[in-house]
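S.K.: Attaching a single structure in structure tokens format; questions to follow.
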Amino acid sequence: MSSSFIDLRSDAVTKPTVEMRQAMLDAEVGDDVYGDDLTVLKLQEMTAKLLGKEAALFVPSGTMGNLICALNHCSQFGSEMILGDECYMHIYQQGGCATLARIHSQTAPTQPDGTLLLHDIEQRIRIVKDDDHFTCTKLVCLENTHNRMGGKVLTVEYIQSVGKLCQQYGLKLHMDGSRLMNAVVKLGVSPAELVESCDSVLFCLSKGLGAPVGSLIVGTHEFIVQAKRLRKVLGGGMRQAGVLAAAGIISLAQMPKLLNLDHENAKLLAEGLSKINGCEIDPKNDVQTNMVFFSIKFQ
């Protein structure tokens, strides 16, 4: 007798829709390394317009996208970035910014709502001119929604406040927005409004948006030209990538409107779990988007 279950390990286990599969089959392709895959170009143009930036670049994964952005902003030897001690880039991406990009990280305490206190950020900024002892701060990284804080959402106002601080000190602001569209839906704002203060943004197509693979980074034309070079040296230059981009176009156009249902189902699950003896979760305060983290208290 077969059994069925709902896989809730991660939104990364989502499967492409029938329409995505058909789009992949029918995709017009070229060679993306040479920049002539029309389907990839269409996806990149859609993304740049959606996020209100000059240009976009299709990359194989979020890990690579974040690394490219960090490398791009911190190209000078002896650079450092400030990021949260619980952020995904610091905890999970195998220390790539240190091992491959040679970027020093200063971590600030992550608050329960996923933010970093402005005071904590400012206290860690080092603008080195005459003292050779220190690395020089070039970048601040935020995460929205925040994974380890249970899918918490950073507001437009908060991101703007960090952006102003970065401008004050001549720093760049990068957003790890792997689940950016979840934040957009939760806040009821446009993607462009949410990331207006950011110099670069990474977001994934393969999580709640359901595409089989791929992420995008956005920024200025100059930033993306250099990002394309970095993608190549990291092994991310793909040839007939339009097969993948075709599914991404469908996910970007159709799937964000379904994310609110994911949020409602997450809340419903949390409410059910809260009624189980020994299961500790506060549905009202712990669940904002599509993540449900709970603890089991043994009697």
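Sequential numbering from 274 applies to the sequence shown in the numbering used here.
Glycine is no exception: its CB is placed at the ideal position from the N, C-alpha and C atoms.
Here the structure is a predicted model, which is why all the values come from computation and not from measurement.
#1: Can you name, in chain order, every residue of its own chain whose Cβ lies under 8 Å from the Cβ of R504, other than the five neighbours on each side?
#2: Determine the burial state of M274: buried for a count of at least 16 other Cβ atoms within 10 Å of its Cβ, exposed for fewer.
#3: To the nearest angstrom, how far is it from the Cα of Q349 to the Cα of A500?
#4: Roughly how many angstroms separate the alpha carbons of V458 and H406, rounded to a whole number?
#5: Going along the chain, which unbroken runs of the beta strand (DSSP E) with 3 or more residues stay wholly within the segment 378 to 451?
#6: Per DSSP, which residues does V506 bridge with? Please list them.
#7: Should D449 and C347 be called a contact, given that it needs their Cβ atoms to be closer than 8 Å?
#8: Among the candidates F476, S473, I398, A456, whose CA atom is the shortest distance from the CA of L438?
#9: Within a Cβ cutoff of 8 Å, which residues of the same chain sit near C409, ignoring the five residues on either side of it in sequence?
#10: Counting beta carbon pairs with one atom in the segment 421 to 437 and one in the segment 461 to 478, are three or more of them shorter than 8 Å?
#11: Measure the beta-carbon distance from L517 to G551 and round it to whole angstroms, keeping in mind my assumption that it falls under 8 Å.
#12: Exposed or buried, which one is G521 when buried takes at least 16 other CB atoms within 10 Å?
#13: If we count Cβ pairs, one from each stretch, closer than 8 Å, do we get three or more for the segment 379 to 386 versus the segment 419 to 429?
#14: Distance, Cα to Cα, R452 vs D305?
#15: Buried or exposed for K425, going by 16 or more other Cβ atoms inside 10 Å?
#16: Would you list, in sequence order, the uninterrupted alpha helix (DSSP H) runs of no fewer than 4 residues that lie entirely inside the segment 279 to 309?
#17: Considering only residues of the same chain and omitting the five flanking positions on each side of H494, which have a CB-CB separation below 8 Å?
#18: Taking V491 as the reference, give the member of P529, Y365, E318 with the closest Cα.
#19: Does the Cβ of N558 have 16 or more other Cβ atoms within 10 Å, making it buried, or fewer, making it exposed?
#20: Within the segment 459 to 494, note down every full beta strand (DSSP E) run reaching 3 residues or more, in order along the chain.
#21: Leaving out five residues on either side along the sequence, give the residues of the same chain with a beta carbon under 6 Å from the beta carbon of K570.
#22: Taking M454 as the reference, which of V286, T562, L344, Y307 has the closest Cα?
#23: How about G515 and D310: are their beta carbons less than 8 Å apart?
#24: Answer with yes or no whether the minimum CB distance from L525 to chain B is below 8 Å.
#25: If we ignore side chains and look at the alpha-carbon of each, how far apart do D555 and Y431 end up?
#26: Label D299 either buried or exposed according to how many other C-beta atoms from any shown protein chain fall within 10 Å of its C-beta, with 16 as the threshold for buried.
#27: Here's the rule: buried if 16 or more other CB atoms are within 10 angstroms of the residue's CB, otherwise exposed. What is T312?
#28: Taking the beta strand (DSSP E) that I341 belongs to, which residues open and close that run?
#29: Are A519 and A296 close, meaning C-beta to C-beta below 8 Å?
#30: Rounded to a whole number of angstroms, what is the C-alpha to C-alpha distance between Q440 and D393?
#31: Roughly how many angstroms separate the alpha carbons of G545 and L532, rounded to a whole number?
M.R.: Answer, in terms of the structure:
#1: L330, V332, M337, I341, G510
#2: Residue placement at M274 cannot be trusted, given a pLDDT of 43 that sits under 50; what the coordinates show is reported in the next sentence. Looking at its Cβ environment, which holds fewer than 16 other Cβ atoms inside 10 Å, M274 is exposed.
#3: 15 Å
#4: 45 Å
#5: 409 to 416, 445 to 449
#6: Answer by DSSP bridge pairing: none, since V506 is not bridged.
#7: no
#8: I398
#9: Q349, G351, S352, E353, R399, I400, V401
#10: yes
#11: Contact flag wrong, Cβ pair sits at about 44 Å.
#12: buried
#13: yes
#14: 25 Å
#15: buried
#16: 291 to 299
#17: E327, A328
#18: E318
#19: exposed
#20: 473 to 477, 488 to 492
#21: G551, E553
#22: T562
#23: yes
#24: No chain B is part of this structure, which consists of one protein chain only.
#25: 24 Å
#26: exposed
#27: buried
#28: First-last for I341: 335 to 346, but that is the alpha helix (DSSP H), not the beta strand (DSSP E).
#29: yes
#30: 16 Å
#31: 20 Å
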